[in-house]
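Each residue of the sequence shown is one higher than the last, beginning at 8 in our numbering. From the three backbone atoms N, C-alpha and C, an ideal C-beta is built for every residue, glycine too.
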Amino acid sequence: MTISQLPQDLIEEILYRVPVTSLRRLRSTCKGWYHQALFKDPRFIKKHFDKTAKQYHALMLFGNTVCPMSSVVDRVMRVVSIYPHRLALPHRDEFVSLSEAFHCDGILLCSLLMKTMIVVWNPFSGQTRWIQVTQLQDHYIGAYALGYNNKELCRSYKILRFRCQYVKLAASWGWGALNVTPEPEGNIISEIYEFSSNLWRNLDSVLPDQAYLKPSGGVSLNGNTYWMSCNKKGDYSLLSFDFSTEKFQRLCAPFHHEPCHIDTRVLSVVREERLSLLYQSRKTLEVEIWMTDEIETTFVSWSKFLRVDLLGLNHCFSDSMSFSIIDEEKKVVVCCDEAGNFDFTMVWIVKEGEEYRASPDISVDGGVQAWSIPLLSVPSLFGYVPKN
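Below you can see the structure in the form of structure tokens.
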């Protein structure tokens, strides 16, 4: 008896426990499963997601490449990136800037240098969706976030697009004034793209006052998106966007004192379970990493996870840095940031009470080499669980 001759419910029970990366290979083994839409059935997808083992990956994004990042935590710290996944482009002259990719639920939303297109990409399944967008005026940029309606059984994915204008807050460039309220001229300020309809529509959500945020600094957790933001008075908060209600909400930040505009504040997600926030004072160079204990619609609680003093190294992380908590028990964090001379990217591995700095010698394609990356291509680090 072959597996295709087994009862359908038994076949499904077996397939529920097969990793998503292996399901792709099974399409050629039994084409009936794929062509009969078993792998596309929302009921099968939901049960497979609930039962399959969740394999966690720490990934690095740069150029149009995704590399898993394996770390050996001992007295000599190294970061080795291997087995790259590359995004197949429809035209070779196009370039996908994965340093600006937004990660949600195992999917990447990537911005292009060609500003009339964006692409949604699942690196492990290889599936892509290319989406056309309207080009904004030169003095504006389009900021994007990917999420889903977490009130529905089958996830309904959406893309938020809003217009930002870069402004200077104190000595820090790169913060954008977020515009989400309608203009008298009727110009489109923010939009929602729904995967189910393949259409864009205007968003009517309104903020109580103007918000300033890093357009590329958003992270996704449980379908919602979060940014660090401040208002005109300089009050900092956590800004959330709920893709179920399509509303913005301000939440509290964990600072005991009001940070300066030039201090570093960067968000990350821990194993798709909690938010984490890296805060560094430019005055003391002390690094604090906080993690959320609980997030509700109008409330969030924080606890301090890590504290590291970088005063002796005289290094202050930029707002373009990224970080990933790779070992909660040992309190080990990998940080990626531009080097002081801007010629290459430096990878840092920090641990409470200790500090390590890896050289720019990073294995990219199987050989060790000096890794020189342009300033605009500082890699992003994030945790990833493959999805269907």
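Discussion item. Would the region 243-254 count as touching the region 134-145 if we require 3 or more Cβ pairs under 8 Å?
Written reply: With a cut-off of 8 Å, the region 134-145 and the region 243-254 do not count as touching, because too few Cβ pairs lie within range.
Worksheet item: Taking the alpha helix (DSSP H) that Q15 falls in, what are its first and last residues?
Response: Where Q15 is concerned, the enclosing alpha helix (DSSP H) stretches over Q15 to L22.
Discussion item. Under 8 Å: do the region 283-298 and the region 306-325 share three or more Cβ pairs, one atom per stretch?
Written reply: With the cut-off at 8 Å, the region 283-298 and the region 306-325 touch.
Worksheet item: How about G390 and R278: are their beta carbons less than 8 Å apart?
Response: Their beta carbons are under 8 Å apart, which means G390 touches R278 by this criterion.
Discussion item. Quick check: what's the CA-CA separation for L153 versus L282?
Written reply: Their backbone Cα atoms lie some 16 Å apart in a straight line.
Item to complete: Taking all protein chains shown into account, decide if E336 is buried (16 or more other Cβ within 10 angstroms of its Cβ) or exposed.
Response: E336 counts as exposed, since fewer than 16 other beta carbons sit within 10 angstroms of its beta carbon.
Practice prompt. Measure the alpha-carbon distance for I269 versus K290 and round it to whole angstroms.
Written response: When rounded, the separation of the alpha-carbon atoms in I269 and K290 is 9 Å.
Discussion item. I need the DSSP call for R50, collapsed to helix, strand or coil.
Written reply: DSSP, reduced to helix, strand and coil, places R50 within a helical segment of the structure shown.
Worksheet entry | L220 classed as buried or exposed, judged by whether at least 16 other C-beta atoms fall within 10 angstroms | In this structure L220 is buried. Its beta-carbon is surrounded by 16 or more other beta-carbon atoms within 10 angstroms.
Practice prompt. May I ask you to report which of helix, strand or coil DSSP gives L45?
Written response: Helix at L45.
Worksheet item: Looking only at C-alpha atoms, which of T304, D211, W309 and I199 sits nearest to S247?
Response: Per the Cα distances, T304.
Practice prompt. Starting from D112, follow its DSSP beta bridges and name the residues at the other end.
Written response: According to DSSP, which records beta bridges pairwise, D112 is partnered with nothing at all.
Item to complete: Kindly indicate which residue of K158, T141 and E159 has the alpha-carbon position closest to the one of N151.
Response: The question names Asn, yet the displayed sequence has Tyr at residue 151. Closest by alpha carbon: T141.
Worksheet item: Under a three-way DSSP split, which group does M298 fall into?
Response: DSSP places M298 in strand when its eight states are reduced to three.
Worksheet item: By a C-beta neighbour count over all protein chains shown, 10 Å radius and 16 as the cutoff for buried, is D368 buried or exposed?
Response: Summary for D368: the model assigns pLDDT 40, below 50, so the residue's position carries little reliability, and this model does not support an answer.
Practice prompt. Please name the residue in D249, K239, L143 and Y200 whose C-alpha comes closest to that of L116.
Written response: The option with the nearest alpha carbon to L116 is Y200.
Worksheet item: Can you tell me whether G230 is buried or exposed, with buried defined as 16 or more other CB within 10 angstroms of its CB?
Response: Looking at its Cβ environment, which holds 16 or more other Cβ atoms inside 10 Å, G230 is buried.
Worksheet item: In angstroms, rounded to a whole number, what distance separates the CA positions of R50 and S132?
Response: Each residue's Cα considered, the two are about 19 Å apart.
Discussion item. On the DSSP letters alone, give me the boundaries of the beta strand (DSSP E) that R150 sits inside.
Written reply: The amino acid at residue 150 is misidentified as Arg; the sequence shows Ala. Segment I148 to Y155, the beta strand (DSSP E) holding A150.
Fill in: Buried or exposed by the 16-neighbour rule on C-beta atoms within 10 Å, applied to I332
The residue in question, I332, is buried, as its Cβ has 16 or more Cβ neighbours within 10 Å.
Worksheet item: When DSSP labels each residue in this structure, what does H322 get in the three-state scheme?
Response: DSSP places H322 in coil when its eight states are reduced to three.
Worksheet item: Does DSSP put D316 in a helix, in a strand, or in coil?
Response: Here D316 sits in strand by DSSP.
Discussion item. Could you check whether I196 and F169 sit closer than 8 Å to each other, using their CB atoms as the reference points?
Written reply: The answer is yes: Cβ separation under 8 Å.
Worksheet item: Roughly how many angstroms separate the alpha carbons of S308 and I166, rounded to a whole number?
Response: Separation of S308 and I166 (C-alpha to C-alpha, rounded to the nearest whole angstrom) is 27 Å.
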